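Before any comments, here is the structure.
There are 4 protein chains.
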Amino acid sequence: MTFIKPYLIRLSHCDATGQVFYPNYFHIFNALVEDWFYEAIEVPFDGFLMERGLSLPTVKLETTFSAPCRMGEIVDFWLTVTHMGRSSLRFSMGVSKDGVDRVRMHRVAVCVSQKTHAAVALPQDVREKIQAFMVG
Amino acid sequence: MTFIKPYLIRLSHCDATGQVFYPNYFHIFNALVEDWFYEAIEVPFDGFLMERGLSLPTVKLETTFSAPCRMGEIVDFWLTVTHMGRSSLRFSMGVSKDGVDRVRMHRVAVCVSQKTHAAVALPQDVREKIQAFMVG
Amino acid sequence: MTFIKPYLIRLSHCDATGQVFYPNYFHIFNALVEDWFYEAIEVPFDGFLMERGLSLPTVKLETTFSAPCRMGEIVDFWLTVTHMGRSSLRFSMGVSKDGVDRVRMHRVAVCVSQKTHAAVALPQDVREKIQAFMVG
Amino acid sequence: MTFIKPYLIRLSHCDATGQVFYPNYFHIFNALVEDWFYEAIEVPFDGFLMERGLSLPTVKLETTFSAPCRMGEIVDFWLTVTHMGRSSLRFSMGVSKDGVDRVRMHRVAVCVSQKTHAAVALPQDVREKIQAFMVG
Chain A
561 MTFIKPYLIR
571 LSHCDATGQV
581 FYPNYFHIFN
591 ALVEDWFYEA
601 IEVPFDGFLM
611 ERGLSLPTVK
621 LETTFSAPCR
631 MGEIVDFWLT
641 VTHMGRSSLR
651 FSMGVSKDGV
661 DRVRMHRVAV
671 CVSQKTHAAV
681 ALPQDVREKI
691 QAFMVG
Chain B
561 MTFIKPYLIR
571 LSHCDATGQV
581 FYPNYFHIFN
591 ALVEDWFYEA
601 IEVPFDGFLM
611 ERGLSLPTVK
621 LETTFSAPCR
631 MGEIVDFWLT
641 VTHMGRSSLR
651 FSMGVSKDGV
661 DRVRMHRVAV
671 CVSQKTHAAV
681 ALPQDVREKI
691 QAFMVG
Chain C
561 MTFIKPYLIR
571 LSHCDATGQV
581 FYPNYFHIFN
591 ALVEDWFYEA
601 IEVPFDGFLM
611 ERGLSLPTVK
621 LETTFSAPCR
631 MGEIVDFWLT
641 VTHMGRSSLR
651 FSMGVSKDGV
661 DRVRMHRVAV
671 CVSQKTHAAV
681 ALPQDVREKI
691 QAFMVG
Chain D
561 MTFIKPYLIR
571 LSHCDATGQV
581 FYPNYFHIFN
591 ALVEDWFYEA
601 IEVPFDGFLM
611 ERGLSLPTVK
621 LETTFSAPCR
631 MGEIVDFWLT
641 VTHMGRSSLR
651 FSMGVSKDGV
661 DRVRMHRVAV
671 CVSQKTHAAV
681 ALPQDVREKI
691 QAFMVG
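Protein sequence lines correspond, in order, to chains A, B, C and D. Under our numbering, think of the first position of the first sequence as 561, with each following residue one higher. Under our numbering, think of the first position of the second sequence as 561, with each following residue one higher. Under our numbering, think of the first position of the third sequence as 561, with each following residue one higher. Under our numbering, think of the first position of the fourth sequence as 561, with each following residue one higher.
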């Protein structure tokens with residue numbers, strides 16, 4: 561199953577060339593993960609971090625940029641979960657418009673305790689909701 | 561040859577976990593590339609973009625995050641050029657402290673005309689300066 | 561007339577204290593102005609900048625921060641136009657939730673030609689649409 | 561006494577007009593305050609936040625932008641402390657080059673406990689160091 565959401569490319573995403581400055585793609589991808597938490601698996605991301613004391617840092621990223629995005633465009637950001645381990649999650653993510661890829665990313669993230677900085681198992685309720693999302 | 565520069569991890573780089581928010585690493589890596597232009601190969605990066613009408617967009621990134629950076633740390637960002645094609649550049653970049661890797665990145669960038677959006681050859685003077693940097 | 565839009569406070573807006581890092585309020589206020597262009601006065605902001613060669617830089621800001629915003633909150637950002645001159649616009653803007661002010665801002669902006677960097681008259685069609693917005 | 565530090569205007573500070581996007585001035589002003597902590601009054605800003613559990617949120621800002629800054633410029637950012645209360649600090653800050661003002665800001669900040677969110681007295685050692693800075 562794929563979570564898809566359109567985002568407006570804003571002035572603040574673009575650099576002096578008028579196109580998205582590549583670090584800002586990761587800010588929007590992070591917004592997408594937040595929105596996936598709130599809207600798709602319905603786990604409040606703020607509670608995940610601030611109340612449960614967990615975080616989901618990135619350990620590996622592979623990103624291919626095949627076409628630029630320009631200010632004023634509304635483009636689709638999409639996310640799938642390709643693997644869930646005890647504490648790790650693999651995401652495929654991308655940006656596309658009219659069926660044409662602009663950006664494609666593989667991201668591995670790990671659930672970590674903010675206290676110990678060590679990997680911990682994903683909470684059972686979160687696992688179940690991600691599992692349900694994966695099967696669609 | 562390796563270009564190394566220490567950067568202070570600032571409040572604005574960190575998120576609510578007190579550690580660098582991963583998109584902000586790419587902002588600092590971009591600052592490193594700018595500083596490499598100005599200080600190492602001595603090509604003004606602003607002239608490269610604004611006067612020559614070129615840009616150096618990223619086409620591929622592979623990044624591994626092995627340990628976090630915290631606010632107040634001064635860490636080394638480093639850059640080498642591993643390959644120069646007609647219009648492409650391959651960089652190896654990383655973040656380390658006391659000889660221990662925090663982040664490691666491979667980045668492929670391509671020299672592009674801002675007018676045509678097509679790949680163009682790196683200007684001859686820039687090629688020569690990068691070549692001189694690569695041999696050290 | 562007031563343009564009001566709810567925005568989610570994201571991880572990327574907050575610093576290590578878990579609250580919005582004040583420079584990020586201005587990023588969201590700028591998103592609000594863009595959304596006001598697209599949605600309220602129906603002037604495409606990208607065309608205003610990229611095709612007409614105009615911009616709307618800020619010349620004066622007065623901002624009062626009376627209560628913090630935290631990650632995960634959805635808060636209302638609002639905007640009114642209090643005065644329109646030949647080339648200048650005065651905005652009152654703010655952030656509130658449940659009728660309580662969090663941030664309040666007065667902003668003066670001027671329509672400028674990107675070529676000459678000089679103030680120019682607001683285009684007639686934009687004036688008329690802003691006038692219509694002001695009377696509601 | 562005035563704390564002055566030159567900063568390079570980077571690609572990441574500028575928007576599609578090639579000039580500093582105004583919210584990014586506040587990011588640099590915040591970097592200036594951090595550098596003033598570390599270098600001028602020699603109070604580690606990370607310890608102030610992370611170990612002492614304090615923060616210094618902004619309660620009031622007045623900013624005038626009189627001339628733009630462009631990518632590649634190195635401009636002076638400066639800071640003075642105009643008043644120190646029990647828990648409040650008033651800063652005058654600005655950006656200038658060759659003696660000409662680009663930006664001028666008055667900022668009121670208050671020392672706050674991150675636990676109670678209430679204003680608290682500035683720690684005595686910090687007061688003394690700021691007092692010493694003020695008299696020069």
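Note that the Cβ used here is the ideal one computed from N, Cα and C, for glycine as well. Remember, predicted model here, so these are calculated numbers, not experimental data.
Distance between Phe637/A and Phe625/A, taken at the CA atoms: about 13 Å. Inter-residue distance for Asn590/A and Glu611/B is about 34 Å (C-alpha atoms, whole angstroms). Think of a sphere of 8 Å around the beta carbon of Ala591/B: the chain D residues whose beta carbon falls inside it are Arg570 and Ser572, in chain order.
For Phe563/D, not one C-beta of chain B is nearer than 8 Å to its own C-beta. Closer than 9 Å at the C-beta level to chain D, one finds these residues of the stretch 606-617 of chain B: Asp606, Gly607, Leu609 and Met610. The count of Cβ pairs closer than 8 Å, one atom from the stretch 581-595 of chain A and one from the stretch 598-611 of chain B, stays below three, leaving the stretches out of contact.
In the DSSP assignment, Lys689/C forms no beta bridge with any residue. Close to Leu621/C, with beta-carbon spacing below 9 Å, are these residues of chain D in chain order: Tyr582, Leu621, Glu622, Thr623, Thr624, Phe625 and Met665. Here Asp636/C carries a strand assignment [DSSP, helix/strand/coil]. Burial check for Ala576/D: the Cβ neighbour count within 10 Å reaches 16 or more, so the residue is buried. For His587/B, the neighbours in chain D by C-beta distance under 7 Å run, in chain order, Ser572. One finds Leu609 and Met610 in chain C with Cβ atoms closer than 8 Å to the Cβ of Ala576/D, taken in chain order. In the DSSP annotation of this structure, the continuous segment of the beta strand (DSSP E) that includes Asp661/C starts and ends at Val660 to Val670. DSSP places Met653/D inside the beta strand (DSSP E), whose first and last residues are Ser648 to Lys657.
Between Phe563/A and Cys574/A, the gap from beta carbon to beta carbon reaches 8 Å or more. Annotation for Ile564/B: the continuous beta strand (DSSP E) segment containing it runs Phe563 to Leu568. Pro604/D is outside the set of residues whose beta carbon lies under 8 Å from a beta carbon in chain C. Between the alpha carbons of Thr618/A and Val670/A lies a distance of about 7 Å. Phe597/A sits in a helix when the DSSP states are folded into three classes.
Per the coordinates, the alpha-carbon of Ser673/A lies some 24 Å from the alpha-carbon of Ser615/D. Membership of Phe608/B in any alpha helix (DSSP H) is not indicated, and neither H nor E is assigned to it by DSSP. For the pair Lys689/B and Pro566/D, the Cα-to-Cα distance works out to about 27 Å.
The beta carbons of Phe693/D and Arg667/D sit no closer together than 8 Å. Within the DSSP secondary-structure output, Val680/C pairs in no beta bridge. In this structure, Asp606/D and Gly696/B do not form a Cβ contact; the two beta carbons are roughly 35 Å apart against a cut-off of 8 Å.
Nearest CB-CB separation between Glu594/A and chain C: below the 8 Å threshold. Under DSSP, Gln579/B forms a beta bridge with Arg630/B.
Contacts with chain A (Cβ-Cβ distance below 8 Å) from the stretch 628-644 of chain B involve Pro628, listed in chain order. In this model, Arg662/C and His643/D are separated by some 25 Å (Cα to Cα).
In the DSSP assignment, Leu621/B falls within the unbroken beta strand (DSSP E) covering Thr618 to Phe625. Residues of the stretch 656-683 of chain D with a C-beta less than 8 Å from any C-beta of chain C: Gln674 and His677, listed in chain order.
Nearest neighbour of Thr676/D by Cα position, chosen from Met665/D, Asp685/D, Arg570/D and Gly613/D, turns out to be Gly613/D.
In the assembly as shown, Arg570/B is a buried residue. Its beta-carbon has 16 or more other beta-carbons within 10 Å. Note on geometry: alpha-carbon atoms of Gly654/B and Ala627/B lie some 12 Å from one another.
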